[in-house]
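Numbering (our numbering), first residue to last: 36 to 520.
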């Protein structure tokens with residue numbers, strides 16, 4: 036087999052109340068049986084954006100698992116088919132998919148519950164608090180009931196699939212064994228392992244992370260937010276909505292510097308109107324009652340000692356993987372933030388499923404043509420694909436004043452942007468800035484994944500009156516541009 040090339044990645048999110056304890060005896064789970072696949076791992080790959088139906092995996096296999104535990108001087112050594120380290124989106128997605136395909140799965144998580152940073156400190160708490168701040172509610176209720184309900188749902192799903200979840204920290208001893216430190220010291224011996232430990236925020240002294248800001252018990256009178264990405268913008272929007280005076284230290288490039296200003300005009304206007312002060316100088320010069328540092332993250336894998344298992348990391352500590360999420364050690368896979376790349380739970384979910392399918396011999400690969408990026412500000416910003424201008428492509432922008440629905444909702448201050456290739460009409464990128472843009476971007480993602488053209492989008496029978504029909508209108512406007520050229 037040819038040695039896989041390790042693609043360079045940039046940055047990457049993170050995962051962690053006890054759910055289960057180590058079994059004291061061998062306890063087979065009562066389940067239906069089916070012969071496991073003997074196909075080699077990742078015999079071929081497919082691209083998510085290829086035309087035609089996606090290959091279907093086998094139906095759920097309910098295998099009978101025999102858990103083997105060996106007592107060694109007061110410790111347990113448990114054998115498992117697949118060991119998953121980390122219970123965030125990438126980890127539980129991998130664990131659930133591997134269990135569906137008939138593998139015995141053991142999941143170890145430092146927090147001791149499923150959901151990771153996304154559910155317990157990041158995505159869900161922050162978006163819940165943003166939602167409340169937009170409606171003038173106090174920050175006291177941080178969505179605890181929602182988090183509890185979602186956590187219980189994941190626990191029930193794990194139980195139904197036979198995934199054993201235990202609290203603890205895993206440390207590699209070699210490429211077949213880990214030591215687990217938690218309420219007791221134990222060991223696990225695995226056939227395959229998936230690392231899904233996420234990333235940790237990098238914060239300056241005297242500041243807090245966006246995750247911590249989302250769980251504050253009270254709102255400061257004056258806050259400074261350092262950074263120019265979605266985390267910084269959402270933190271600034273949340274704190275301002277709760278009544279704080281906010282300075283956003285976003286540097287010389289301004290917020291979201293890689294996006295066209297034509298797309299961001301409604302957001303930049305709204306930030307100014309809301310009273311958020313833009314500071315484009317040195318962030319270190321900002322002084323405030325509370326400082327939120329959203330300037331970076333680092334991989335959370337040092338304590339696992341991946342080198343002992345033969346897992347290579349780059350100079351910044353990110354784990355290198357191929358399209359099947361396989362590391363330099365063929366038995367061990369890695370998914371989510373720990374591999375670098377986008378700090379997005381959606382990416383981790385997809386990568387977790389790919390890793391599990393590759394382990395089980397399915398023809399799976401993580402090669403998305405478009406990844407949705409979301410910013411839950413007021414208004415929202417969402418985009419996918421490529422929005423950078425080029426000589427052989429054009430950009431068409433449709434203002435939301437063309438939408439009867441947007442005008443009727445008093446949400447006409449928005450835009451839909453379409454980036455397309457001249458000649459072929461291939462859709463290269465989609466951007467939306469406006470109310471609920473994060474809920475509207477999915478059509479753009481699907482269009483790029485399926486290789487859609489302007490003609491494909493223009494032929495859609497629109498749902499009227501909606502803001503989503505503006506994408507088809509943008510395609511029709513682009514076709515007029517080509518006919519006039």
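Yeah, the Cβ is synthetic: ideal placement off N, Cα and C, and Gly gets one too.
This one's a predicted model, so the numbers in the text were calculated from it and none came from an experiment.
Bridge partners - residue i, DSSP secondary structure assignment
i, result
"residue 328", "261"
"residue 199", "141"
"residue 210", "Residue 210 is not bridged to any residue."
"residue 285", "Paired residue(s): none; residue 285 is not in a bridge."
"residue 522", "Since the displayed the chain opens at 36 and closes at 520, residue 522 lies outside it and no answer follows."
"residue 362", "In the DSSP output, where bridge partners are listed per residue, residue 362 has none listed."
"residue 413", "Per DSSP, none; premise fails for residue 413."
"residue 429", "455"
"residue 418", "408 and 466"
"residue 461", "488"
"residue 339", "Residue 339 pairs with nothing; no bridge assigned."
"residue 245", "In DSSP, residue 245 forms no bridge with anything."
"residue 333", "235"
"residue 182", "BP columns for residue 182 are empty, so no partner."
"residue 280", "257"
"residue 229", "119 and 368"
"residue 348", "354"
Alpha helix (DSSP H) segment containing residue i, residue limits
i, result
"residue 234", "No alpha helix (DSSP H) holds residue 234; the beta strand (DSSP E) holding it covers 234-236."
"residue 130", "124-135"
"residue 147", "It is not in any alpha helix (DSSP H) - residue 147 carries neither H nor E in the DSSP assignment."
"residue 166", "158-169"
"residue 297", "296-309"
"residue 472", "472-475"
"residue 441", "439-443"
"residue 152", "151-155"
Nearest residue (CA-CA) to residue i, options the options
i, options, result
"residue 156", "414, 513 and 266", "266"
"residue 485", "474, 504 and 462", "462"
"residue 347", "333, 330, 464 and 365", "365"
"residue 416", "465, 242, 443 and 379", "465"
"residue 330", "238, 408 and 150", "238"
"residue 201", "426, 222 and 208", "222"
"residue 199", "206, 278, 118 and 154", "118"
"residue 521", "354, 263, 300 and 458", "The question about residue 521 has no answer, for the chain in this structure spans 36 to 520."
"residue 150", "287, 240, 384 and 294", "384"
"residue 165", "418, 410 and 121", "410"
"residue 472", "495, 494, 306 and 441", "441"
"residue 160", "361, 190, 147 and 186", "186"
"residue 189", "424, 381, 127 and 246", "127"
"residue 391", "113, 142, 112 and 111", "142"
"residue 295", "163, 158, 122 and 423", "423"
"residue 193", "122, 153, 246 and 244", "122"
"residue 344", "489, 227, 480 and 477", "227"
"residue 386", "349, 512, 255 and 359", "359"
"residue 399", "408, 388 and 405", "388"
"residue 334", "256, 148, 393 and 236", "236"
"residue 125", "289, 381 and 256", "381"
"residue 340", "213, 158, 470 and 490", "213"
"residue 414", "421, 513, 448 and 211", "448"
"residue 361", "337, 394 and 342", "394"
"residue 336", "323, 207, 483 and 493", "207"
Chain-order list of residues whose beta-carbon lies under 6 Å from that of residue i (same chain, five-residue window excluded)
i, result
"residue 260", "267, 270, 271, 283 and 327"
"residue 92", "Residue confidence for residue 92 is low, a pLDDT of 45 falling below 50, so the modelled location carries little weight and cannot support an answer."
"residue 274", "258 and 281"
"residue 276", "168 and 169"
"residue 479", "419 and 465"
"residue 487", "462"
Neighbourhood of residue i by C-beta, 7 Å cutoff - its chain only, sequence neighbours within 5 removed
i, result
"residue 196", "131, 134 and 135"
"residue 432", "297, 450 and 452"
"residue 428", "454, 455, 456, 457 and 463"
"residue 508", "433 and 437"
"residue 292", "263"
"residue 497", "504 and 507"
"residue 363", "345, 346, 347 and 355"
"residue 241", "326"
"residue 154", "182, 185 and 186"
Cβ shell of residue i (< 8 Å), same chain only, five flanking positions each side left out
i, result
"residue 518", "none"
"residue 515", "none"
"residue 308", "none"
Residue range of the beta strand (DSSP E) that includes residue i
i, result
"residue 382", "Taken as a continuous stretch (DSSP letters only), residue 382 belongs to no beta strand (DSSP E), being part of the alpha helix (DSSP H) at 380-394."
"residue 312", "312-314"
"residue 367", "367-369"
Exercise. Does the count of Cβ pairs from the segment 230-249 and the segment 360-371 closer than 8 Å reach three?
Worked result: yes
Exercise. Quick check: the segment 241-251 against the segment 317-324, are there 3 or more CB pairs under 8 Å?
Worked result: no
Exercise. Should the segment 500-512 be regarded as contacting the segment 431-447, the criterion being three or more beta carbon pairs within less than 8 Å?
Worked result: yes
Exercise. Can you find at least 3 beta carbon pairs, one from the segment 300-312 and one from the segment 336-354, that sit closer than 8 Å?
Worked result: no
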